[in-house]
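Q: Residue numbers (the numbering used here), protein chains in the order written: chain H, 19 to 126; chain B, 19 to 126.
For each residue, glycine too, the CB sits at the ideal point set by N, CA and C.
#1: Could you pull the DSSP bridge partners for residue 95/H from this structure?
#2: Tell me the rounded alpha-carbon separation between residue 26/H and residue 107/H.
#3: Should the segment 99-119 of chain H be regarded as contacting the segment 30-47 of chain H, the criterion being three or more beta carbon pairs within less than 8 Å?
#4: So, helix, strand or coil for residue 34/B, using DSSP?
#5: Identify whether residue 21/H lies in helix, strand or coil by the three-state DSSP scheme.
#6: From the DSSP output, in three-state form, read off residue 120/H for me.
#7: Classify residue 90/H as helix, strand or coil using the three-state DSSP reduction.
#8: Tell me the rounded alpha-carbon separation between residue 52/B and residue 98/H.
#9: For the alpha helix (DSSP H) that residue 45/B lies in, which residues bound it at each end?
#10: If you measure from the beta carbon of residue 71/H to each beta carbon in chain B, is any gap under 8 Å?
#11: Expressed to the nearest angstrom, what Euclidean distance is found between the alpha-carbon atoms of residue 79/B and residue 32/B?
#12: Inspect the CB distances between the segment 68-78 of chain B and the segment 114-126 of chain B and report whether three or more fall short of 8 Å.
#13: Got a sec, what are the start and stop residues for the alpha helix (DSSP H) residue 67/H sits in?
#14: How many Å lie between residue 82/B and residue 90/H at the Cα?
#15: Near residue 93/H, which residues of its chain fall below 8 Å by C-beta distance, leaving aside the five closest residues on each side in sequence?
#16: So, helix, strand or coil for residue 107/B, using DSSP?
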């Protein structure tokens, strides 16, 4: 196998961030903590099942924190962890590319 | 539906760049044009089928060019288009995050 450390680092990121919805979710959480239904509203294309799975994967990767506030009903909140905050420049550059793409394709 | 132009731009990017292998492929092509088997070697985790599909998707999005050189055997080369070159800063920042992730997780 050829040594390809830089390629591998891109793969390492995409193993966690790949998929259509994870970076959009992180993008929403950059604005502050959100509840499950806030995220469903802010990322309207995602299914409930996919949202559950993606939040769990990001939590398992240590990029978001899930906090349960006891009460009735229980309140569950999702927030970026300190590690997750490192995704801010990633989201920014992906957002810039997306804006350019939309302009190119006449979607703005 | 809530207006969320920045979130939507991230989604727009990930519609094309999402998935585990597309950015790693773009990363390889930033070094210059490659043939199919070069890419298989440089991105060893990808299956032949997935490579075919991802190259086609990136070509359809106008981000890579496929050039066929007649001869025997025919030579087919993949290269980033001018639009695809706009992914350089995206790859850089994703690579930086991946390197950090590998260091955090003791994979370096």
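A: In short, the structure shows the following:
#1: 53/H and 85/H
#2: 19 Å
#3: yes
#4: helix
#5: For residue 21/H, the predicted structure reports a pLDDT of 44, less than 50, and the residue's modelled location is therefore unreliable. A value from the coordinates is still provided. Coil at residue 21/H, not helix or strand.
#6: helix
#7: coil
#8: 38 Å
#9: 40-47
#10: no
#11: 12 Å
#12: no
#13: 66-78
#14: 53 Å
#15: 53, 86 and 87
#16: helix
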